[in-house]
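Numbering-wise (this note's numbering), the sequence shown opens with residue 47 and increments by one.
By construction, the Cβ of each residue, glycine as well, lies at the ideal position given by its N, Cα and C atoms.
Bear in mind the structure is a predicted one, so any value in this text is a computation, not a measurement.
First up is the structure itself, then whatever we jot down about it.
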Amino acid sequence: MTPALRKYHRHVWFFMAGLLPVIFIAAITVIPQKRPDPNFRSHQPEALPQVLKTVESLNFMLRLRASPDTAERQLELVIKQPLHTPATLVYLSNNEKAQPNDGVFLGSLGAKGTYRYKIGTAMLSQNNDVLLFDPIKNITIETLQF
C-alpha cells in the first residue's frame with residue numbers, strides 16, 4: 047500500500063468505527079412495538095359455559111359443551127401429548143364401525159392444544175364416535191366414544 051492509500055484506509059476505518067455503533071443503536075430504537083391488531087380474531091370459538099359430557103383417553107380429552115340459553119353445542123378436543131402424525135382429520139359419526147366417509151368432517155388437528163368445533167343438535171344421537179383419521183397413511187388414529 048502506498049502512504050496515501052494507507053492514510054485513506056485509516057480514515058475510512060476510523061469513520062466506520064464511529065458510525066457503525068450509531069447505526070446499530072438507531073436501528074434498534076426504530077423497531078416498532080408489537081401491538082395486537084384489533085381486527086384480528088382467533089379462529090377458535092369461545093368455549094361454551096356448560097359441560098355436558100367428558101371422555102378421556104391417554105392422549106386426548108373430549109368435552110361436549112352446550113349453551114344454556116340457546117341450543118348451540120360445541121365439541122372440544124384437547125390434545126394432551128403431541129401427535130405423531132403430521133395430518134389428523136376429525137370426523138363425527140353415529141355408527142360404531144365408523145369410516146371417515148361415514149361421518150361429518152369437523153376439522154383438522156395441528157399442534158398440542160385445545161380445538162373447538164361447533165356442531166348442530168341434529169348431529170348428536172345417543173352413541174356418537176369421534177374419529178381421528180390420518181389421511182396420509184389412511185389409518186384411524188383413535189376412536190373416542192361418547
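Selected residue, minimal CA-CA separation from residue i, among the options
{"i": "isoleucine 182", "options": "Leu135, Gly153 and Asn141", "result": "Leu135"}
{"i": "arginine 162", "options": "Ala112, Met62 and Asn147", "result": "Ala112"}
{"i": "aspartate 175", "options": "Ile74, His89, Phe192 and Trp59", "result": "Phe192"}
{"i": "leucine 121", "options": "Asn140, Pro132 and Ala93", "result": "Ala93"}
{"i": "leucine 178", "options": "Lys164, Val150 and Ile165", "result": "Val150"}
{"i": "valine 97", "options": "Leu110, Leu104, Asn173 and Leu51", "result": "Leu110"}
{"i": "alanine 117", "options": "Pro49, Tyr54, Ile165 and Leu152", "result": "Ile165"}
{"i": "glutamine 127", "options": "Ser139, Lys80, Ala157 and Asp115", "result": "Ala157"}
DSSP state of residue i mapped onto helix, strand, coil
{"i": "methionine 107", "result": "strand"}
Contact with chain D by residue i, beta-carbon distance below 7 Å
{"i": "leucine 177", "result": "Among the chains in the structure shown there is no chain D, since it carries only a single protein chain."}
Residue i - containing beta strand (DSSP E), residue span
{"i": "glycine 153", "result": "150-155"}
{"i": "arginine 119", "result": "119-125"}
{"i": "serine 139", "result": "134-139"}
{"i": "glutamine 79", "result": "First-last for glutamine 79: undefined, no H or E at that position."}
{"i": "isoleucine 185", "result": "185-191"}
{"i": "lysine 99", "result": "96-102"}
{"i": "isoleucine 165", "result": "159-165"}
{"i": "aspartate 175", "result": "175-180"}
Extent of the continuous alpha helix (DSSP H) to which residue i belongs
{"i": "phenylalanine 61", "result": "49-75"}
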